[in-house]
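Asks:
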Amino acid sequence: MPTRPVRRVLIAGGGIGGLAAALALQRKGFGVTVFECADALRDGGAGLHIWTNGTIVLDRLGVAGPVLEVAPAQQICHFGTWRGEMFGAWPVGDFVTEYGRPTLAVERSVLHSILHDALHGDPVRTGARVVGFDQDSEGVTVRLADGRHERGDILIGADGIHSVVRAGLFGDTPARFNGYIAWRGKGRLEHELIPPGSFYALFGRGTRFTYYDVAPGVVHWMSVANGPAGGHDERGVAAMLAERHRGWMPPVQDILAASPEEDIIRSDVFDRKPDRRWGIGRVTLLGDAVHPITFNIGQGACQALEDALVLAERLDACRDDPGRALRRYERERRGRTASMQRVAWLIGRMGAVEHPLLIAAREVFMRLVWPALAFRIAEHNQIAYARRWSPPPPPMPSTEEENRWPITS
Ligand SMILES: Cc1cc2nc3c(=O)[nH]c(=O)nc-3n(C[C@H](O)[C@H](O)[C@H](O)COP(=O)(O)OP(=O)(O)OC[C@H]3O[C@@H](n4cnc5c(N)ncnc54)[C@H](O)[C@@H]3O)c2cc1C
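In my numbering, the protein residues as written are 407 to 815.
#1: I want to check one thing, is the minimum distance from the CB of Ile783 to the heavy atoms of ligand 1 below 7 Å?
#2: At what residues does the alpha helix (DSSP H) containing Val775 begin and finish?
#3: Indicate, with yes or no, if ligand 1 has a heavy atom lying under 7 Å from the CB of His455.
#4: Are the CB atoms of Ala792 and Thr487 nearer to each other than 8 Å?
#5: Quick check on the burial criterion: 16 or more other C-beta atoms within 10 angstroms. Buried or exposed for Phe539?
#6: Once the 5 residues before and after Arg678 are set aside, which same chain residues still bring their CB inside 7 Å of it?
#7: Could you tell me which residues DSSP puts in a beta bridge with Glu556?
#8: Look at the Cβ atom of Val689, then the Cβ atom of Val571, and state whether they are nearer than 8 Å.
#9: On the three-state DSSP scale, how would you describe Trp751?
#10: For the alpha helix (DSSP H) that contains Arg594, what are its first and last residues?
#11: Would you tell me roughly how many angstroms separate the C-alpha atoms of Leu416 and Glu760, rounded to the nearest one?
#12: Go through the stretch 437 to 478 residue by residue and report every complete run of the beta strand (DSSP E) that reaches 3 residues or more, in order.
#13: Going along the chain, which residues of its own chain have a beta-carbon closer than 8 Å to the beta-carbon of Gln432, five neighbours each way excluded?
#14: Go ahead and pull the three-state DSSP assignment for Met802.
#15: Comparing alpha-carbon positions, which option in Gln481, Gly653, Asn702 and Thr613 lies nearest Gly490?
#16: So what's Trp825 in DSSP terms, helix, strand or just coil?
#17: Quick check on this structure: which residue in Ala426, Ser673, Met628 and Asn632 has the alpha carbon closest to the alpha carbon of His638?
#18: Are there 16 or more other CB atoms within 10 angstroms of the CB of Ser543, so buried, or fewer, so exposed?
#19: Within 10 angstroms of its Cβ, does Leu521 collect 16 or more other Cβ (buried), or is it exposed?
#20: What's the C-alpha gap between Gly533 and Glu598?
#21: Taking the straight line between their C-alpha atoms, what separation do you get for Tyr606 and Thr616?
#22: With hydrogens ignored, establish whether the beta-carbon of Phe701 is closer than 7 Å to any heavy atom of ligand 1.
#23: Would you decide whether His455 is buried or exposed? Buried here means 16 or more other CB atoms lie within 10 Å of its CB.
#24: Heavy atom of ligand 1 less than 7 Å from the Cβ of Cys708, yes or no?
#25: Flag Gly424 as yes when its Cβ comes closer than 7 Å to any non-hydrogen atom of ligand 1, and as no otherwise.
#26: Return the chain-ordered ranges of every beta strand (DSSP E) run that is complete within the stretch 587 to 637 and spans a minimum of 3 residues.
#27: Name the residue from Arg614, Val512, Gly593 and Asp619 whose alpha carbon lies nearest to the alpha carbon of Pro602.
#28: Anyone know if the C-beta pair for Gly460 and Ala707 falls short of 8 Å?
#29: So, for Pro472: in the same chain, excluding its five sequence neighbours on each side, which residues have a beta-carbon less than 7 Å away from its beta-carbon?
#30: Check the C-beta distance from Cys443 over to Arg535 and give it rounded, since I have them as a contact under 8 Å.
#31: On the three-state DSSP scale, how would you describe Ala426?
#32: Quick one: using the 10 Å Cβ neighbour count with 16 as the cut-off for buried, is Glu785 buried or exposed?
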């Protein structure tokens, strides 16, 4: 029996994944409505690395220009011990020559509002909590917490790791706690040891500290430590972190000292094992709702961006048969995101080791493998996929002054 072509897409969740999906679908001519449970549209105060594969997607969504105006291109990622012995560095600035777009560091809230501003006709409903859905052969009805119902042709669950849409499809299975907690903050300082466009990841005993600049004089950092889930910070968290990282290489203490305590965000780190099931009928999932990837490879948001583009492409190519379009999208995305979930989990385990022998083994491994082999594998597995969307590389900027990438989207 012929099916009515898809016109209106419902999206649960207005995070980076949900907004990117809305934008990708609007650009293909679909009507979209995004239901966001928060009263105001925002995304936390922390920073994000958007690797070159994510920047290429932003380009395709038509928003690379405004993002690159405010987000510094990353040149180099350094890895080392808490004492300051360096294992090696990844020259991520080279991705520009190879793929035409940089890896960048951006404030999460900035990326979020650029995606939101690019949407036509403000399709986002805030204060709209999705509590369930029903589907039939003609469409999907979303149920909201305030008792309202909304009807559309398909539903995308982009409602994060504790997804209600996922629970409605496959049952409510709890996410997996990884045994460590991340504290994120923002330091306001210029420092000779924080050259523009550089990222540092320092490893200690069951603890880590990473930092990078997101704007001149603005440094985002993350302190990670093993511990139980469900804790809360009292006043004095800044002093606790300064004590945890006492003796770490400079400028760790300077960064912490320059960071207002009220900006510090604490997150228990959860993920899930890769899942073969992503959707049923007219309903599918996207981003952390289906493939949460721990921060260890900085690809969670990048993969949500890729999902959005592939989903819109598949739906556009098969408007009369949404079930088929969604299953194609899921097949295309499943393997790629599953491997990232596994790698990120593994690197997280490696970062969490506490036994001195395991720490020594990690250091040998990182010295031998990290600078060259791991970089090549990361490029091959994470970046090269996006070449399909990549424009031909424009000429390289010639001076440091032109460190921001020219806008061609
Ligand atoms: C410490 C840390 C560092 C990270 N660093 C990076 C990085 O450098 N690079 C990178 O690419 N990724 C990184 N990530 C991962 C990245 O943050 C996530 O993968 C990404 O934000 C997922 O986006 P999403 O839209 O799928 O989900 P979310 O960001 O979780 O958005 C879900 C949205 O749905 C809303 N929602 C939830 N339930 C409902 C409901 N029932 N009804 C309506 N709305 C609902 C929420 O309010 C939220 O707005 C990091 C994650 C962490 C924790």
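Positions of the beta carbon are idealized from the N, C-alpha and C atoms, including for glycine.
Quick caveat: nothing in here was measured; it's all calculated off a predicted structure.
Replies: Looking at the coordinates:
#1: Here residue 783 is taken as the residue at index 377 of the sequence shown, counted from 1. No, Cβ of Ile783 sits at least 7 Å from all heavy atoms of ligand 1.
#2: Indexing the sequence shown from 1 puts residue 775 at position 369. Its alpha helix (DSSP H) spans residues Pro762 to Val775.
#3: Indexing the sequence shown from 1 puts residue 455 at position 49. Yes - ligand 1 has a heavy atom lying nearer than 7 Å to the Cβ of His455.
#4: In the sequence shown, the residue the question calls residue 792 occupies position 386. In the sequence shown, the residue the question calls residue 487 occupies position 81. Contact: no.
#5: Here residue 539 corresponds to residue number 133 of the sequence shown, with the count starting at 1. With 16 or more neighbouring CB atoms inside 10 Å of its own CB, Phe539 falls in the buried class.
#6: The residue given as residue 678 occupies position 272 in the sequence shown. Once the five neighbours on either side are set aside, the close Cβ partners of Arg678 are Ala581, Arg582 and Pro698.
#7: In the sequence shown, the residue the question calls residue 556 occupies position 150. Glu556 is bridged to Val548.
#8: Start at 1 with the first residue of the sequence shown, and residue 689 comes out as number 283. Start at 1 with the first residue of the sequence shown, and residue 571 comes out as number 165. The answer is yes: Cβ separation under 8 Å.
#9: Taking the sequence shown and counting its residues from 1, the one referred to as residue 751 is at position 345. Helix.
#10: Reading the sequence shown from its first residue, position 188 is the one you call residue 594. That residue, Arg594, is in no alpha helix (DSSP H); its beta strand (DSSP E) goes Arg582 to Arg594.
#11: As a first step, residue 416 must be located in the sequence shown, where it is residue number 10. As a first step, residue 760 must be located in the sequence shown, where it is residue number 354. So the alpha carbons of these two residues sit roughly 46 Å apart.
#12: Those beta strand (DSSP E) runs which fall completely within the stretch 437 to 478 and span 3+ residues are 437 to 441 and 453 to 456.
#13: Residue numbering aside, residue 432 sits at position 26 when the sequence shown is read from its first letter. Excluding positions up to five away in sequence, the list reads Val438, Leu525, His526 and Pro529.
#14: What you label residue 802 is simply residue 396 of the sequence shown in a count that begins at 1. Residue placement at Met802 is flagged as unreliable, the pLDDT there being 45, under the threshold of 50; the coordinate-derived value follows with that caveat. In this structure, Met802 counts as coil in the three-state DSSP scheme.
#15: Stepping through the sequence shown from its first residue, residue 490 is reached at position 84. Proximity to Gly490 across Gln481, Gly653, Asn702 and Thr613 peaks at Gly653, based on C-alpha coordinates.
#16: Residue numbering for the chain in the displayed model covers 407 to 815; residue 825 lies beyond these limits and cannot be assessed.
#17: Numbered from its first residue, the sequence shown carries residue 638 at position 232. It is Ser673.
#18: Locating residue 543 in the sequence shown gives position 137, where the first residue counts as 1. Counting Cβ neighbours within 10 Å, Ser543 comes out exposed, since fewer than 16 surround it.
#19: The residue you call residue 521 lines up with position 115 of the sequence shown. Burial call: buried.
#20: Walking along the sequence shown from the start, residue 533 turns up at place 127. Walking along the sequence shown from the start, residue 598 turns up at place 192. Whole-angstrom Cα-Cα distance: 44 Å.
#21: Within the sequence shown, residue 606 is the residue found at index 200, counting from 1. Within the sequence shown, residue 616 is the residue found at index 210, counting from 1. Each residue's Cα considered, the two are about 5 Å apart.
#22: In the sequence shown, residue 701 corresponds to position 295, counting from 1. Indeed, a heavy atom of ligand 1 lies less than 7 Å from the Cβ.
#23: In the sequence shown, the residue the question calls residue 455 occupies position 49. With at least 16 other beta carbons inside 10 angstroms of its own, His455 counts as buried.
#24: Numbered from its first residue, the sequence shown carries residue 708 at position 302. Yes - ligand 1 has a heavy atom lying nearer than 7 Å to the Cβ of Cys708.
#25: In the sequence shown, counting from the first residue as 1, residue 424 sits at position 18. Because some heavy atom of ligand 1 lies under 7 Å away, the Cβ of Gly424 counts as near it: yes.
#26: Listed in chain order, the beta strand (DSSP E) runs fully inside the stretch 587 to 637 are 604 to 609, 613 to 621 and 624 to 632, counting runs of at least 3 residues.
#27: Position 196 of the sequence shown holds residue 602. The shortest C-alpha separation from Pro602 is found at Asp619.
#28: The residue you call residue 460 lines up with position 54 of the sequence shown. The residue you call residue 707 lines up with position 301 of the sequence shown. Cβ atoms of Gly460 and Ala707: closer than 8 Å.
#29: Position 66 of the sequence shown, counting from 1, holds the residue named residue 472. Counting only Cβ-Cβ distances below 7 Å, and skipping sequence neighbours, we find Ile520.
#30: The sequence position of residue 443 within the sequence shown is 37, counting from 1. The sequence position of residue 535 within the sequence shown is 129, counting from 1. Between Arg535 and Cys443 the Cβ distance is about 4 Å, and since that is below 8 Å, they are a contact.
#31: Locating residue 426 in the sequence shown gives position 20, where the first residue counts as 1. Reduced to three states, the DSSP call for Ala426 is helix.
#32: Residue mapping note: residue 785 aligns to position 379 of the sequence shown, counting from 1. Label assigned to Glu785: buried.
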